[in-house]
Amino acid sequence: MIDRSSLTVVLAAGEGTRMRSSLPKVMHPVAGRSLLAHVLAASPQDAGARLAVVVGPDHEAVADEARRVRPDAATFVQTERLGTAHAVLAARAAIARGADDLLVAFGDTPLISAATLERLRAPLQQGAALVVLGFQANDPTGYGRLLLDGGRLAAIREHADASDEERQVTLCNAGVMAFDGHRALEILDRIGNTNSKGEYYLVDAVAIVRDMGLEAVVIETSEDEVRGINTKAQLAEAEQVMQARLRQAALDAGVTLIAPDTVYLAADTKFGNDVTIEPFVVIGPGVTIADGAVIRSFSHLVQASIGKKASVGPFARLRPGSSLGDGVKIGNFVETKAVTLGTGVKINHLSYVGDADVGANANLGAGTIICNYDGFAKHKTLIGKGAFVGSNSSLVAPVKIGEGAYIGSGSVITRDVPDDAMAVERGEQTTREGGAKRYREMKTKAKATPKEG
Ligand code: UD1
Ligand code: CA
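Just add 38 to wherever you are in the sequence shown, counting from 1, and you've got my numbering.
What follows is the structure, encoded as structure tokens:
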């Protein structure tokens, strides 16, 4: 058996079929992560693997995303949109280094698994020159059809070029292929652009391999793993497939999801033990939820970490940089952003807390608003351990509330409050004995007297 240890992976992520969006296709998110990042996460990472990502012109954001997810990725620019084979050849320098295997994948098939990519390489060991990943499509429209000849793969026909008879074929090209790395360039260089779109089609590699007297084979997988995304509708379908997977994984890990279908998770959501998520919760990227925490209905969390036995919601919004200590309680209509909340902090009702550090066991009453922005810059608020902020108070940043300090309800605090001090900032209350009664009588009398004229 030949030792096929070295591998080059080329990921075509340039300008393919568009989605009527100014955002590059592969940057669209599924479960809070770009399509490209999903494929990169599934791509082999072992020592012998070299990764090349092909991006379109002016798609620096795509190249940045590739390097962010996989710092080992080399990026290549495909300056013109001339087809999938042309895209792969933009990484010619990487392919020419001559690894044993060449794996080609598309940036718009985010549901692919690492295991399938690995499985695709196996027939190369048996001497195949090309392995194509195929699937039975529910609706094959738009996909390349795999044409078999006596059980062997003879050609792939793109939808636009297929005859009516060929369009009946439901076995489709998933877009992922494995080539014998030592023959790959020779095969790719033979691909021409004589088809209805005048593009260089990667799929033509199959017929070329056959003409060269070499073998091309198919390996099948399920449609859900290889849904290609060319439209917003397909993006939504992929989201559903990914959400179903994530919910199942969460349930398997012991998370209580009362109504799984109503909970949206992100690909990177992390759960401790005995976490409960109530119905209708949306979790965006970068969320960690520790043991015993409860996320109540209609809450929205992004880039937040939730401590043990903390309780969030219902109707809470945790924005990026929210770090909640153990036992923290965040109640209804509370919004947090860039805050560190110590153990046992309570913010139970109707508050905005941004750019702040709140010490352990501090209590922010209903309607506490941190005024962190003066229209030009954001400022920080520090609230000491055990401080009590009375309801309907505004804390105008930058400001510091000392440990154990007490803020009277309705105060607008603009100056620091020392430890254990009490600060009240509001107009003196005036109380007129019998005033309400007199007012009522006056109004009743006025109403009873008919107006003149
Ligand atoms: C492609 C396949 C089709 C297959 C389907 C699977 C070809 C010719 N067709 O069709 O057989 O069933 O995928 O989803 O290979 N790209 C570039 N540069 C280009 C063109 C495309 O980088 O010039 C990239 C795109 O970003 C995309 C991928 O290649 O990630 C596939 O391109 P796309 O236009 O989506 O191909 P399909 O028409 O879907
Ligand atoms: Ca596609």
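Backbone N, C-alpha and C define an ideal beta-carbon position, used for all residues, glycine too. All of these numbers come straight from a predicted model, not from anything done at the bench.
Query raised in the report: Using 8 Å as the Cβ pair cut-off and three pairs as the minimum, do the segment 314 to 322 and the segment 104 to 121 touch?
Result: Contact between the segment 314 to 322 and the segment 104 to 121 is absent: fewer than three C-beta pairs spanning the two stretches fall below 8 Å.
Requested in this report: Within its chain, find whatever has a CB closer than 8 Å to the CB of residue 322; leave out the 5 residues flanking it on each side and keep chain order.
Outcome: The residues are 70, 304, 338, 339, 340, 341.
Report task. State the Cα-Cα distance for the pair residue 23 and residue 351, rounded to the nearest angstrom. Result -> With the chain covering only 39 through 491, there is no way to say anything about residue 23.
Requested in this report: Would you mind listing the beta strand (DSSP E) stretches within the segment 78 to 153 that are 3+ residues and don't spill past its ends, in chain order?
Outcome: Qualifying beta strand (DSSP E) stretches, in chain order: 87 to 93, 112 to 115, 139 to 144.
Query raised in the report: Under 8 Å between the Cβ atoms of residue 157 and residue 257?
Result: With contacts defined by Cβ atoms closer than 8 Å, residue 157 and residue 257 form a contacting pair.
Query raised in the report: Looking only at C-alpha atoms, which of 427, 50, 379, 435 sits nearest to residue 417?
Result: Across the set 427, 50, 379, 435, the C-alpha of 435 shows the shortest separation from the C-alpha of residue 417.
Query raised in the report: Can you name the start and end residues of the beta strand (DSSP E) that residue 218 belongs to?
Result: Start and end: 209 to 218.
Query raised in the report: Would you call the segment 41 to 53 and the segment 135 to 149 in contact, with 3 or more CB pairs under 8 Å?
Result: Enough Cβ pairs lie closer than 8 Å, so yes.
Query raised in the report: For residue 49, which beta-bridge partners are listed by DSSP?
Result: DSSP lists 91, 143 as the bridge partner or partners of residue 49.
Query raised in the report: Using a threshold of 7 Å, is the CB atom of residue 150 nearer than that to any non-hydrogen atom of ligand 1?
Result: Every heavy atom of ligand 1 is 7 Å or more from the Cβ of residue 150, so no.
Requested in this report: Kindly indicate which three-state DSSP category residue 258 falls into: helix, strand or coil?
Outcome: Three-state result, residue 258: strand.
Query raised in the report: Does DSSP classify residue 64 as helix, strand or coil?
Result: In the structure shown, residue 64 adopts helical secondary structure according to DSSP, grouped into three states.
Query raised in the report: Between residue 302 and the rest of its own chain, which residues show a CB-CB distance below 7 Å, the 5 nearest in sequence each way excluded?
Result: The beta carbon of residue 302 is closer than 7 Å to those of 281, 320, 321 in its chain, skipping five residues each way along the sequence.
Query raised in the report: Ordered along the chain, which non-local residues of its own chain (more than five positions away) have a Cβ less than 6 Å from that of residue 97?
Result: These residues qualify, in order along the chain: 62.
Query raised in the report: Which stretch, first to last residue, makes up the beta strand (DSSP E) that contains residue 286?
Result: Where residue 286 is concerned, there is no enclosing beta strand (DSSP E), although the alpha helix (DSSP H) it sits in stretches over 270 to 290.
Query raised in the report: Under 8 Å, do residue 345 and residue 365 count as touching if we go by C-beta distance?
Result: In contact: residue 345 and residue 365 (Cβ atoms closer than 8 Å).
Query - Uninterrupted beta strand (DSSP E) stretches inside the segment 339 to 371 (no shorter than 3 residues) - result: Given a length threshold of 3 residues, each whole run of the beta strand (DSSP E) inside the segment 339 to 371 is given here in chain order: 342 to 344, 354 to 356, 360 to 362.
**Report entry** Cα-Cα separation between residue 383 and residue 401, rounded to whole angstroms
**Finding:** Residue 383 and residue 401 have their alpha carbons spaced roughly 6 Å apart.
Query raised in the report: Between residue 92 and ligand 1, is the CB less than 7 Å from at least one heavy atom?
Result: Under cutoff, so the answer is yes.
Query raised in the report: Which runs of the beta strand (DSSP E) spanning at least 3 residues fall entirely within the segment 404 to 453, listed in chain order?
Result: At a cut-off of 3 residues, the continuous stretches assigned as beta strand (DSSP E) that sit fully inside the segment 404 to 453 are 407 to 409, 419 to 421, 432 to 434, 437 to 439.
Requested in this report: May I ask you to list the residues that DSSP assigns as paired with residue 309?
Outcome: Beta-bridge partners assigned by DSSP to residue 309: 327.
Query raised in the report: Cβ-heavy atom distance between residue 146 and ligand 2 below 7 Å?
Result: Correct: residue 146 has its Cβ closer than 7 Å to ligand 2.
Query raised in the report: Leaving out five residues before and five after residue 379 in sequence, what residues of the same chain have Cβ atoms less than 6 Å from its Cβ?
Result: The beta carbon of residue 379 is closer than 6 Å to those of 362, 363, 366, 396 in its chain, skipping five residues each way along the sequence.
Report task. Look at the alpha carbon of residue 431 and the alpha carbon of residue 448, and state the distance between them as a whole number of angstroms. Result -> Between residue 431 and residue 448, the C-alpha separation is close to 5 Å.
Query - Distance, residue 478 Cα to residue 486 Cα - result: C-alpha separation (whole angstroms): 12 Å.
Query raised in the report: Among residues of its own chain, excluding the 5 on either side of residue 57, which ones have a beta-carbon nearer than 8 Å to its beta-carbon?
Result: Take residue 57, set aside five residues on each side of it, and the residues of its chain with a beta-carbon closer than 8 Å to its own are 63, 66, 267, 268, 269, 270, 273, in chain order.
Report task. Compute every distance between the C-beta of residue 378 and the non-hydrogen atoms of ligand 2, then say whether any falls below 7 Å. Result -> For ligand 2, no non-hydrogen atom lies closer than 7 Å to the CB of residue 378.
Report task. Leaving aside the five residues before and after residue 460 along the sequence, list all residues of the same chain whose C-beta is less than 6 Å from its C-beta, in chain order. Result -> The residues 444, in chain order, have a CB closer than 6 Å to that of residue 460 in the same chain once the five nearest residues on each side in sequence are set aside.
Query raised in the report: Is the beta carbon of residue 428 within less than 7 Å of some heavy atom of ligand 2?
Result: No.
Query raised in the report: Alpha carbon to alpha carbon, how far is residue 55 from residue 135?
Result: In this structure, the straight-line span from the alpha carbon of residue 55 to that of residue 135 is close to 29 Å.
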